[in-house]
Amino acid sequence: MRELNTRIEIPGRGECDLAWGDFRQTQKMPSIELVGKTDRCTARIWQQGQRLTVSYSNCAARCSGRDTFQYVWPVLVDLRNQRCD
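What follows is the structure, encoded as structure tokens:
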């Protein structure tokens, strides 16, 4: 991975900031895995066709609001237009 910056906003709950500089890559295959440099926040990234999926675990401390992270779902990125679903 070269760069990964994700800001997830959960209306009425808060937001989560997951910035590339805060992670180190620990695995390349079968999926990319990034682990927080100062915590256990983990990002897993895999590609299926023209879609990239990014999922997070153990990242509640990176979110505002007490239960915001409970509402974070995997992020789907369309590689053709680089838009998120």
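Converting from the sequence shown to the working numbering requires adding 26 to each position, the first position being numbered 1. Think of the CB as a built atom: it goes at the ideal place given N, C-alpha and C, for glycine as much as any other residue. Note that the structure is predicted; figures quoted are calculated from it, not measured.
### Task
On a CA-only basis, which of L102, I34 and D43 is nearest Q74? Give me that one, please.
Nearest of L102, I34 and D43 to Q74, Cα basis: L102.
### R50 beta carbon less than 8 Å from that of V61
One thing to note: V61 has its Cβ within 8 Å of the Cβ of R50.
#### Entry: Distance, N31 Cα to A87 Cα
Using only the alpha carbons, I get a separation of about 16 Å.
### Message
I need the DSSP call for G40, collapsed to helix, strand or coil.
### Response
strand
#### Entry: beta strand (DSSP E) runs wholly inside the region 56-80, at least 3 long, in chain order
58-62 and 68-74
### Query
Where does R50 sit, in a helix, a strand or coil, going by DSSP?
The answer is strand: DSSP assigns R50 an E or B state.
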